[in-house]
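A.B. asks: Heads up: the sequence shown at position 80 corresponds to 80 in full-length UniProt numbering, and the numbers run straight through without jumps.
Here it is: the structure, laid out below.
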Amino acid sequence: MLPLMDEALKPLVTTIDHVGIAVPDLDAAIAFYAENFGMRATHTEENEEQGVREAMLHAEGDESGPAIQLLAPLRPDSTIAKFLDTKGPGLQQVAYRVRDVEAAAEALRAKGLRLLYDKAKRGTAGSRVNFVHPKDAGGVLVELVEPAS
């Protein structure tokens with residue numbers, strides 16, 4: 001049996017928001033997912049602060065459900081460019097939707113987990129995000145996402 005979720009986080013994590021995949025060419029990846037899986041890009045943007053060009057893909061008719069996030073580097077010093085250089089294209093992170101990213105971060109810090117940012121940063125479509133260090137999450141980069149209101 002799986003251990004029960006900590007009571008402090010239970011009201012904060014609401015669903016899987018998305019799975020992030022690092023790709024070298026965003027347009028080619030969008031086309032691949034459309035042609036092979038019937039998914040469509042519901043949102044694209046450039047995030048200069050994080051140095052990425054990104055797209056959120058959803059299954060047809062499920063635009064508010066969990067997404068695939070494709071991430072391509074805008075510049076060679078971005079985190080995604082470094083990820084591609086060391087690991088190649090592939091799964092980069094799993095993101096959980098939370099009601100309050102700062103409260104979730106505080107609860108995780110209280111449990112001894114390290115977060116990458118002192119305060120949440122701007123994410124896709126005006127969301128607020130922070131990340132749990134992969135060394136504290138079983139080797140997985142975990143993103144906490146508070147959607148824009």
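Glycine included, C-beta positions come from ideal geometry on N, C-alpha and C.
Would you tell me roughly how many angstroms separate the C-alpha atoms of L2 and A104, rounded to the nearest one?
C.D. replies: Because L2 carries a pLDDT of 41, less than 50, the predicted location of this residue cannot be relied on, and the following value inherits that uncertainty. Their Cα atoms are separated by approximately 21 angstroms.
A.B. asks: Below 6 angstroms CB to CB, which residues in the same chain sit around H133 once its five sequence neighbours on both sides are set aside?
C.D. replies: R114, listed in sequence order.
A.B. asks: May I have a chain-ordered list of the beta strand (DSSP E) segments no shorter than 3 residues that lie completely inside the UniProt domain "VOC" (15-147)?
C.D. replies: The qualifying runs are 40-47, 52-58, 67-73, 90-98, 128-132 and 142-146.
A.B. asks: Can you tell me the Cα-Cα spacing of M56 and T124, whole angstroms?
C.D. replies: Between M56 and T124, the C-alpha separation is close to 9 angstroms.
A.B. asks: Taking the beta carbon of Y33 as the centre, do at least 16 other beta carbons fall within 10 Å, making it buried, or is it exposed?
C.D. replies: So Y33 ends up on the buried side.
A.B. asks: If you measure between the beta carbons of A120 and N130, is that distance less than 8 angstroms?
C.D. replies: Closer than 8 angstroms, so yes.
A.B. asks: Are the stretch 36-43 and the stretch 88-106 touching by the rule of at least three beta carbon pairs closer than 8 angstroms?
C.D. replies: No, the stretch 36-43 does not touch the stretch 88-106.
A.B. asks: Alpha carbons only, please: which of S149, D77, V101 and E49 is nearest the one belonging to V13?
C.D. replies: Of the listed residues, the one whose Cα sits closest to V13 is V101.
A.B. asks: Drop a sphere of 10 angstroms on the beta-carbon of D25, count the other beta-carbons inside from all chains shown, and report buried for 16 or more, exposed for fewer.
C.D. replies: Answer is exposed; the Cβ neighbour count stays below 16.
A.B. asks: What is the rounded straight-line gap between the Cα of L116 and the Cα of E146?
C.D. replies: Answer to the nearest angstrom: the Cα atoms are 16 angstroms apart.
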